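Student: Have a look at this one before I ask anything.
Numbering (my numbering), first residue to last: 63 to 165.
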C-alpha cells in the first residue's frame, strides 16, 4: 500500500494557478482513489500502480497546457493491504489521548 503526498502546478502561468489545480483535483476525484485534500497538496492512498497512474494522468493534463511544471512528491510504501491514511493519525491521537486537527 502506498501513501503519496504531492502537489503539482505550472510555473509559467502567473501567480494564480487555481484553475490548473482544480483540473488536477477533478482527475483525482473522478479516479475513485482514496485521497485527502490539504491546503498545500493532496494525499493519495492505493497500490503503487494506481497512485502513480493518477499522478501521471495529472501531469499529462498540465503538460498539454504548460511548458514548465513543478512537482513535489513524497511516497511511503509498506507491504500491506491495510489502509493507513486514517490509522496513522488515529494511532497518534491514541498515544496523545486527544483529537488532533486534521482538517
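C-beta atoms are modelled at their ideal positions from N, C-alpha and C, and glycine is treated no differently. Computed from a prediction, not measured in an experiment: that's the story for all the values here.
Considering just the uninterrupted stretch of the beta strand (DSSP E) at residue 137, what are its terminal residues?
Tutor: The residue given as residue 137 occupies position 75 in the chain shown. 131-139 is the span of the beta strand (DSSP E), which, as asked, contains residue 137.
Student: Is the stretch 74-84 touching the stretch 127-144, taking contact as three or more C-beta pairs under 8 Å?
Tutor: yes
Student: Using 10 angstroms around the beta-carbon of residue 104, count the other beta-carbons present and answer buried if the total reaches 16, otherwise exposed.
Tutor: Here residue 104 corresponds to residue number 42 of the chain shown, with the count starting at 1. Buried.
Student: Give me the residue from 85, 137, 94 with the minimum Cα distance to residue 124.
Tutor: Within the chain shown, the letter at position 62 stands for residue 124. Checking every option, the nearest Cα to that of residue 124 belongs to 85.
Student: Check this for me: beta carbons of residue 140 and residue 63, under 7 Å apart or not?
Tutor: Looking up residue 140 in the chain shown gives position 78. Looking up residue 63 in the chain shown gives position 1. Yes.
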